[in-house]
Ligand code: ATP
């Protein structure tokens, strides 16, 4: 295994920020740590980077234990949400900085900086200072600076969250493309499920310091292992009303029965009936909130032209092969 985390644990006082995390990464993989605020994803990334100290466990790079190695000796490239560029240095000098620290020869630094500027399409801006650039451009400089010393792993801590939606969108594609081209093993922290689904080879879904599930976007979407994953990735109805649960057995408490809104089937003679409480027309999709058996259930309908109105009565089915049993986290 290229990078291995074994029983990685970090406490802050009584807070167990990262709780015995095990994870293996293959070389060249793009992995996202995904989860809500406070789940421990940033702390986990900082532990890998060497910016936090492990309380327990070990981190191995090609079988070598990194635990005692400070951040600057790990040769990992790190990009933060806030760019963290040196404001008084030009773009080129920002990129050169890490190479100078590593005592690269002058000619080699110059060549590498040129290469990096091309890579992030900033050749025209080499002599500018960070304040003369847009946020997206500054983040590309930060990326070039992180990649310049040929790191063995690239660590991205919410690199897109400070940018506006349009720039974020285009940088998503740019980072993915660059990562694939360089084949560099990458870990990105994000709380944005769309970002993780679009960019990652594998998503590590985290909750309360622990990993709930690791898998591709498709696996997490179609086969969520836990209620947390089902609710965090995409939308899902957890069936609480006994009328809706009827016919599906399973011990309540330990498992939740759940179905995605697009898997509920509206039909003329469906087994369940309810009243439309909300209608959202989203173009190709119409999202209904339907009150049935004392619960509101979300139903998504695609490509339907006939308008539905609040107050309409509808009937629907919950196909058995679409209803999932999700483990409920014990913590
Ligand atoms: P966010 O997206 O908000 O940064 P996160 O998922 O990255 O959240 P962490 O920042 O890793 O979560 O924090 C995990 C837990 O550890 C939280 O309860 C947080 O308050 C706590 N924590 C993190 N860093 C420290 C610190 N330096 N001192 C004390 N507590 C900390």
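Numbering (UniProt numbering), first residue to last: 1 to 331. Beta carbons: idealized from backbone N, C-alpha and C, even for Gly. Bear in mind that the values here come from a model prediction, so they are computed numbers and not experimental data.
Query, Result
"Any non-hydrogen atom of the ligand ATP within 7 Å of residue 32 CB", "no"
"Local conformation of residue 34 per DSSP, three classes", "strand"
"Under 6 Å, CB to nearest heavy atom of the ligand ATP: contacting residues", "12, 15, 17, 35, 37, 38, 39, 40, 41, 42, 43 and 191"
"Local conformation of residue 75 per DSSP, three classes", "coil"
"Contact under 8 Å by Cβ, residue 56 with residue 67", "no"
"Any chain D beta carbon closer than 8 Å to residue 200", "Checking the listed chains, one finds no chain D in this structure; it contains a single protein chain."
"Residues that DSSP places opposite residue 398 in a beta bridge", "Because the chain spans 1 through 331 in this model, residue 398 falls outside it and cannot be assessed."
"Identified DSSP bridge partners for residue 193", "Beta-bridge pairing links residue 193 to no other residue."
"Rounded Cβ spacing between residue 229 and residue 205 (contact assumed at less than 8 Å)", "5 Å"
"Cβ-based neighbour list, residue 116, same chain, cut-off 7 Å, excluding 5 preceding and 5 following", "95, 144, 147 and 148"
"Whole-number beta carbon distance between residue 320 and residue 227, since they are thought to touch under 8 Å", "Contact doesn't hold; Cβ gap of about 19 Å is too wide."
"Supposed close pair residue 258, residue 244 - CB separation, criterion 8 Å", "Incorrect: roughly 11 Å between the Cβ atoms, too far for contact."
"Neighbourhood of residue 85 by C-beta distance below 7 Å, restricted to the same chain and skipping five residues each side", "94, 130, 138, 141 and 142"
"Cα-Cα separation, residue 20 to residue 10", "8 Å"
"At least three beta-carbon pairs within less than 8 Å, the region 23-42 to the region 206-214", "yes"
"Bridge partner(s) assigned by DSSP for residue 187", "31 and 155"
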